[in-house]
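Enquirer: Residue numbers (the working numbering), protein chains in the order written: chain B, 5 to 428; chain V, 87 to 232. Supplied in structure tokens, the structure appears directly below.
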């Protein structure tokens with residue numbers, strides 16, 4: 005009998021010649037076969053975290069079964085193998101985001117830590133009293149609160165690119181927002197609560213023309229769009245492994261080498277030093293300067309099969325399939341009375357946020373859970389956007405991944421209708 | 087006001103019997119939602135932060151007053167399932183002496199499968215509601231609050 009790894013390989017080979025078969029692809033995800041509340045699980049919370057294919061799970065297992073040892077300084081075989089796997093994964097990450105050098109790819113705990121690293125290390129170096137930092141109104145709290153704290157600490161101003169009623173950034177406002185005192189612009193590539201794909205290349209061009217470096221929060225973009233740091237010319241970029249079919253607790257910070265070189269270390273200890281004397285320490289070279297302590301080796305190693313899964317499936321296939329699910333869901337929900345979709349940009353990934361008039365999002369969430377559907381309800385870590393811009397006490401958010409099916413979307417829409425009828 | 091002289095336990099038994107008639111949890115939810123929709127409204131002057139029950143995902147306000155040795159609760163929430171749940175708790179506990187409220191173990195919640203079927207967040211909310219109700223009972227029983 006064929007094992008799951010062989011099956012994965014076969015799928016990947018087949019998918020290049022055959023049209024996409026979502027049911028075969030689902031077989032690569034062991035979690036998807038289960039029942040919740042006696043109903044088949046319909047997992048539509050992919051913007052929160054994606055499920056993991058066998059290749060990622062096997063990688064985690066085999067690391068601890070065969071390679072576990074500490075990286076970088078061990079002179080024995082096992083340690084060298086672990087280091088090799090760890091650095092291979094960094095190389096895969098470099099390719100995945102099209103960075104020019106491995107020294108520009110830092111392993112972090114995820115997007116949140118990546119943003120905190122930049123806010124702390126770069127931010128505290130360049131932002132002083134009277135300066136300003138620009139973010140947008142649609143930032144996830146992880147690309148908002150670190151900048152709020154930095155600006156408060158430095159007596160600097162935090163400025164916001166406004167969002168229109170469809171969920172598009174008003175990027176013309178940048179002409180006025182950017183000033184001589186703007187030290188950094190940090191913006192999300194894709195909105196986690198609205199689904200909007202922001203024109204980051206245009207934003208970066210505008211910022212660079214005024215001499216402002218740009219950080220991109222690519223957490224929500226990475227599972228859907230090809231990330232290309234060379235093409236967009238961003239100065240920093242952050243993403244999380246667990247949103248790209250990889251493990252939790254591991255992510256990437258990309259930074260341009262010249263910027264990373266001038267930044268002080270974020271944390272200190274082992275790994276990040278070249279030489280230590282009682283009088284002081286000489287810091288290690290990039291990227292290790294920013295990787296203090298024993299890294300999250302096993303999860304870093306398992307990023308490689310996650311990125312490979314995405315690349316082998318192909319962004320064309322991913323976009324085509326996910327867009328068809330989004331379109332279907334949007335059409336079906338439009339027919340349900342009292343539904344209002346929040347986030348109606350023409351450029352969207354497969355995220356569908358909505359409210360049901362006269363009902364609280366939590367109520368619909370509870371009923372959908374009863375029917376086996378996992379969706380997210382609440383502010384989705386974008387409280388200022390939903391509360392202050394849209395005047396909402398949250399939304400219900402369904403987010404689709406490559407393994408979701410049209411049948412699931414249809415069932416979801418039926419369940420939303422049933423929930424609405426019960427609640428209204 | 088409650089002129090019913092049944093004990094909390096007797097009312098709990100009645101609720102358990104009602105819930106036993108439902109075939110699945112969707113029907114139970116339907117019933118809880120109906121209860122929520124019919125929960126008598128709290129006096130709007132109590133819909134302030136002071137009377138808000140913390141620990142709920144949605145906003146929930148709870149007020150209690152003593153009359154003739156019995157404690158009467160009123161509540162509201164912006165989520166109808168939360169309203170239905172507090173309506174059940176009010177039905178069981180309102181109109182009883184603080185001592186009886188403090189001594190009640192609210193076993194009916196387990197018997198109807200409420201805790202199992204609520205998400206952990208909602209289950210925490212339920213615990214908060216009960217704690218707030220019991221704290222009111224403590225205050226009116228002349229005991230100090232924890």
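Positions of the beta carbon are idealized from the N, C-alpha and C atoms, including for glycine.
With a threshold of 8 angstroms between beta-carbons, can residue 370 (chain B) be considered close to chain V, or not?
Expert: By this cut-off, residue 370 (chain B) is an interface position.
Enquirer: By the three-class DSSP mapping on this structure, what secondary structure does residue 85 (chain V) have?
Expert: What is shown of chain V runs 87 to 232, which leaves residue 85 (chain V) out entirely.
Enquirer: Could you check whether the Cβ of residue 230 (chain V) sits closer than 8 angstroms to any Cβ belonging to chain B?
Expert: Because residue 230 (chain V) carries a pLDDT of 45, less than 50, the predicted location of this residue cannot be relied on, and the following value inherits that uncertainty. It does not; no Cβ of chain B falls within 8 angstroms.
Enquirer: Rounded to the nearest angstrom, what separates residue 131 (chain B) and residue 152 (chain B) at their Cα positions?
Expert: Those two C-alpha atoms are separated by around 12 angstroms.
Enquirer: Would you tell me roughly how many angstroms separate the C-alpha atoms of residue 183 (chain V) and residue 227 (chain V), rounded to the nearest one?
Expert: Approximately 8 angstroms, taken between the alpha carbons.
Enquirer: State buried or exposed for residue 379 (chain B), treating a residue as buried only when at least 16 other CB atoms are found within 10 Å of its CB.
Expert: Flag for residue 379 (chain B) reads buried.
Enquirer: Anyone know if the C-beta pair for residue 367 (chain B) and residue 165 (chain V) falls short of 8 angstroms?
Expert: Yes. Within cutoff.
Enquirer: At what residue ranges does the stretch 127 to 198 of chain B contain a whole run of the alpha helix (DSSP H), taking only runs of 4 or more?
Expert: Segments of the alpha helix (DSSP H) lying fully in the stretch 127 to 198 of chain B: 149 to 158 and 178 to 181.
Enquirer: List the residues of chain V that residue 221 (chain B) touches, going by C-beta distances under 8 angstroms, in chain order.
Expert: Residues of chain V passing the Cβ test: none, with the nearest at roughly 26 angstroms.
Enquirer: Are residue 218 (chain V) and residue 181 (chain V) touching if we call contact CB-CB under 8 angstroms?
Expert: Not closer than 8 angstroms, so no.
Enquirer: Compare the C-alpha of residue 177 (chain B) against each of B:201, B:139 and B:161 and name the closest.
Expert: Among B:201, B:139 and B:161, the Cα nearest to that of residue 177 (chain B) is on B:139.
Enquirer: State yes or no: is the beta carbon of residue 105 (chain V) nearer than 8 angstroms to at least one beta carbon in chain B?
Expert: So no, residue 105 (chain V) is outside the interface.
Enquirer: Chain B partners of residue 112 (chain V), CB-CB under 9 angstroms?
Expert: Ordered by position in chain B, the residues that pass the 9 angstroms Cβ test against residue 112 (chain V) are 371, 374, 375, 422 and 426.
Enquirer: To the nearest angstrom, how far is it from the Cα of residue 138 (chain V) to the Cα of residue 205 (chain V)?
Expert: About 21 angstroms.
Enquirer: Which runs of the beta strand (DSSP E) fall wholly inside the stretch 224 to 307 of chain B and span at least 3 residues, in chain order?
Expert: The stretch 224 to 307 of chain B contains these whole beta strand (DSSP E) runs: 240 to 244, 255 to 259, 277 to 281 and 284 to 287.
Enquirer: With which residues is residue 401 (chain B) paired in a DSSP beta bridge?
Expert: Residue 401 (chain B) is bridged to B:357 and B:380.
Enquirer: Between residue 366 (chain B) and chain V, is there a C-beta pair that is closer than 8 angstroms?
Expert: Closer than 8 angstroms: yes.
Enquirer: Looking at the strands, I want to know which residues DSSP matches up with residue 221 (chain B).
Expert: In the DSSP output, where bridge partners are listed per residue, residue 221 (chain B) has B:192 and B:242.
Enquirer: So what's residue 314 (chain B) in DSSP terms, helix, strand or just coil?
Expert: DSSP places residue 314 (chain B) in helix when its eight states are reduced to three.
Enquirer: Let me check understanding here. Comparing Cα to Cα, which of B:239, B:343 and B:272 lies closest to residue 296 (chain B)?
Expert: It is B:272 whose Cα lies nearest to the Cα of residue 296 (chain B).
Enquirer: Checking contacts by CB at 8 angstroms: is residue 99 (chain V) closer than that to chain B?
Expert: No, no contact with chain B.
Enquirer: I want to see whether chain V comes within less than 8 angstroms of residue 386 (chain B), judged by CB atoms only; does it?
Expert: No, because no Cβ of chain V sits closer than 8 angstroms to the Cβ of residue 386 (chain B).
Enquirer: For residue 357 (chain B) and residue 225 (chain V), I'd like the C-alpha separation in whole angstroms.
Expert: One C-alpha to the other measures close to 44 angstroms.
Enquirer: So residue 399 (chain B) contacts chain V; which residues on that side make the cut at Cβ distance below 9 angstroms?
Expert: Correct list: empty, because the minimum Cβ distance to chain V is about 14 angstroms.
Enquirer: Give the DSSP-derived three-state secondary structure of residue 107 (chain V) in the structure shown.
Expert: Reduced to three states, the DSSP call for residue 107 (chain V) is coil.
Enquirer: Could one say the Cβ of residue 205 (chain V) lies closer than 8 angstroms to chain A's Cβ atoms, at least one of them?
Expert: Going by chain labels, chain A is absent from the structure shown, which instead holds the protein chains B and V.
Enquirer: Among the candidates B:322, B:259, B:411 and B:39, whose CA atom is the shortest distance from the CA of residue 373 (chain B)?
Expert: The residue with the shortest Cα to Cα distance from residue 373 (chain B) is B:39.
Enquirer: Hey, does residue 217 (chain V) have any beta-carbon neighbour from chain B nearer than 8 angstroms?
Expert: Output row for residue 217 (chain V): interface = no.
Enquirer: Report the partner residues of residue 76 (chain V) according to the DSSP bridge assignment.
Expert: In the structure as shown, chain V begins at 87 and stops at 232. Residue 76 (chain V) is therefore absent and cannot be evaluated.
Enquirer: Would the stretch 105 to 119 of chain B and the stretch 152 to 164 of chain B be scored as touching if the rule is three or more Cβ pairs under 8 angstroms?
Expert: These segments do not touch.
Enquirer: Looking only at its chain, what residues have a beta carbon closer than 7 angstroms to the beta carbon of residue 302 (chain B), apart from the 5 residues adjacent to it on each side?
Expert: Closer than 7 angstroms at Cβ, skipping near neighbours: 64, 67 and 68.
Enquirer: To the nearest angstrom, how far is the alpha carbon of residue 20 (chain B) from that of residue 96 (chain B)?
Expert: Model confidence at residue 20 (chain B) stands at a pLDDT of 42, short of 50, so the residue's coordinates are unreliable; what they give is reported in the following sentence. Whole-angstrom Cα-Cα distance: 21 angstroms.
Enquirer: Going by DSSP, name the residue or residues bridged to residue 112 (chain B).
Expert: Residue 112 (chain B) pairs with B:255.
Enquirer: At 9 angstroms on the CB atoms, spell out the chain V contacts of residue 363 (chain B), in chain order.
Expert: Chain V residues near residue 363 (chain B): 165 and 166.
Enquirer: Is the shortest distance between the beta-carbon of residue 115 (chain V) and the beta-carbons of chain B less than 8 angstroms?
Expert: True, the Cβ-Cβ gap to chain B drops below 8 angstroms.
Enquirer: For residue 114 (chain V), write down the residues that DSSP places opposite it in a beta bridge.
Expert: BP columns for residue 114 (chain V) are empty, so no partner.
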